[in-house]
Every structure is written in structure tokens, then in C-alpha cells.
Amino acid sequence: MISRIAIVDGDAGWALAEPLDRECYPPEAMATVIWRDVTWAHADKRVVVHGESGIVCHVGIYFRDGTQDGVSARIAGIGGVMTSPRMRHTGHAGNAMRRASDVMREHEIDFGLLFCEPHNVPFYEHLGWRIFSGEVYCEQPSGHIRFDMMHAMVLPLRLSPEGRVIDLCGLPW
Ligand SMILES: CC(C)(COP(=O)(O)OP(=O)(O)OC[C@H]1O[C@@H](n2cnc3c(N)ncnc32)[C@H](O)[C@@H]1OP(=O)(O)O)[C@@H](O)C(=O)NCCC(=O)NCCS
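Every letter in the sequence shown is one number past the one before it in numbering that gives the first Met the number 0, and letter 137, counting from 1, is 136.
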């Protein structure tokens, strides 16, 4: 099978990712997901995997100046991880996640951070991420909130986040 990974601009790349998003999250699925009412940030970069029938896998990357225990930290968020249901379990998301980690290192990021549901935790642990046991705060239209509806996972890079509190200082991803 022919596939090619590319890094694209976040805004311009949404048109590429949108059909895959609709395929992975049809309205009946969106009605049930726990995070359906969250206001999300927009990705700064996107890792896209081109297959024979268009984009088959996507990983969004979000660059953010946040804080860890009140000290500035350069965070890279990961969100919108999805592979076409027709193309799962063939390594696409793993490859895209490793490429996203390379981008984080190129941007001298302190640590990566993502949110995920329990059934996906082993997938990310396999890629070097680990559950963050502290508290994560972010912004929503309602104000500054603790974001605890899903597990937060971190990828140590320049820093190993052992702290108690991470503040995204903006919308989550
Ligand atoms: C989670 C998701 C992105 C994984 O995508 P994927 O492309 O199937 O992932 P990969 O193929 O890289 O790896 C998935 C699993 O398949 C396994 N796998 C990889 N290549 C394989 C192969 N050739 N044959 C069989 N299994 C394989 C991996 O080892 C991994 O197993 P693990 O969970 O035990 O570690 C996909 O299931 C998805 O889009 N889910 C819906 C959206 C979602 O939940 N996104 C995550 C939000 S946090």
C-alpha cells in the first residue's frame, strides 16, 4: 500500500483533514462523545498521511506557552488523532505520532500533552507517553476551569513534567 506522511499548516490543512473527521466522527458518534461540548483550540500544524484514497490518518499539533507549577513551559499539544476505520491497525497513527514527536523536538518543546479516553491509553503508552497524575487547567467560554473529563498524558522532552499543576493558558486541544 502506498502512503506518504506530510506536515501541513494547521488552518490550510483543515480542508484536507475535514473529510476524515466526518468519517471518524459521524453525527451519531458526536452525540455520544464525552467531549462534545468542549470549545477546542485550532491546530498549528497537522501531520497527514496520504493513502490511495485521500487522507487516511491525521494528528494535530498545538504549540502553547503554558505553565507547570507556575513556571513558564513550552508545551506541544496533540489532538485530533484519527485513522480512517478502513485503515486502522496498520501502523498509520503510530507513524504519524512519531513524526509529530520529531516536530516537537525540532521546536525545542519542553513536553507534549494530550487528552484521551481510557481505551486509548495503552496506544499512547506504547509510544512513550504516560498519564499525568496532577491537575490540568485551561480556558473555556465559561472561564478558567480544571479539565478533568479525560486522562491527561505527557511526553517528556526537555522537561519531565512531574509537577502538580499544568495550565494550558488557553483553550484545550
Ligand atoms: C486510536 C487510533 C487513532 C489508532 O489508529 P491506528 O492507525 O489504527 O493505530 P496503529 O495502527 O498505529 O496502532 C493501533 C494498534 O494497532 C497495532 N498495530 C499496528 N500495526 C499493526 C498491524 N500491522 N497489524 C495489527 N496490528 C497493528 C498497534 O500495535 C496498536 O496496538 P496497541 O494499541 O496494542 O498498541 C484509531 O483507532 C482511531 O482513529 N480511533 C478513533 C478516534 C480516536 O479515538 N482517536 C484518539 C483520540 S485520543
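Think of the CB as a built atom: it goes at the ideal place given N, C-alpha and C, for glycine as much as any other residue.
Closest by C-alpha distance to residue i, when choosing among the options
{"i": "residue 73", "options": "110, 96, 100", "result": "110"}
{"i": "residue 19", "options": "157, 45, 140", "result": "45"}
{"i": "residue 108", "options": "146, 99, 116", "result": "99"}
{"i": "residue 147", "options": "50, 141, 135", "result": "135"}
{"i": "residue 54", "options": "78, 12, 33", "result": "12"}
{"i": "residue 37", "options": "160, 142, 154, 164", "result": "142"}
{"i": "residue 173", "options": "123, 125, 145", "result": "Only positions 0 to 172 of the chain appear in the structure, and residue 173 is not among them; the question remains open."}
{"i": "residue 125", "options": "97, 166, 48", "result": "97"}
{"i": "residue 165", "options": "131, 149, 139", "result": "131"}
{"i": "residue 149", "options": "80, 86, 156, 117", "result": "117"}
{"i": "residue 83", "options": "156, 5, 21", "result": "21"}
{"i": "residue 3", "options": "76, 92, 33", "result": "92"}
{"i": "residue 75", "options": "28, 90, 85, 43", "result": "43"}
{"i": "residue 86", "options": "16, 52, 29", "result": "52"}
Straight-line Cα distance separating residue j from residue i
{"i": "residue 171", "j": "residue 151", "result": "11 Å"}
{"i": "residue 70", "j": "residue 162", "result": "10 Å"}
{"i": "residue 7", "j": "residue 57", "result": "11 Å"}
{"i": "residue 26", "j": "residue 35", "result": "11 Å"}
{"i": "residue 112", "j": "residue 59", "result": "12 Å"}
{"i": "residue 121", "j": "residue 127", "result": "10 Å"}
{"i": "residue 158", "j": "residue 95", "result": "22 Å"}
{"i": "residue 40", "j": "residue 78", "result": "9 Å"}
{"i": "residue 50", "j": "residue 68", "result": "42 Å"}
{"i": "residue 103", "j": "residue 123", "result": "16 Å"}
{"i": "residue 47", "j": "residue 61", "result": "15 Å"}
{"i": "residue 168", "j": "residue 129", "result": "22 Å"}
{"i": "residue 105", "j": "residue 31", "result": "37 Å"}
{"i": "residue 115", "j": "residue 90", "result": "19 Å"}
{"i": "residue 138", "j": "residue 65", "result": "12 Å"}
Which residues DSSP lists as bridging residue i, in chain order
{"i": "residue 123", "result": "BP columns for residue 123 are empty, so no partner."}
{"i": "residue 58", "result": "46"}
{"i": "residue 151", "result": "114"}
{"i": "residue 161", "result": "In the DSSP output, where bridge partners are listed per residue, residue 161 has none listed."}
{"i": "residue 41", "result": "Residue 41 pairs with nothing; no bridge assigned."}
{"i": "residue 24", "result": "DSSP output for residue 24 lists no bridge partner at all."}
{"i": "residue 8", "result": "44"}
{"i": "residue 70", "result": "67"}
{"i": "residue 143", "result": "138"}
Those residues, in chain order, that have a beta-carbon closer than 6 Å to some heavy atom of ligand 1: Chain-ordered list of matching residues: 23, 56, 80, 81, 82, 87, 88, 89, 90, 91, 92, 93, 115, 119, 121, 122, 125.
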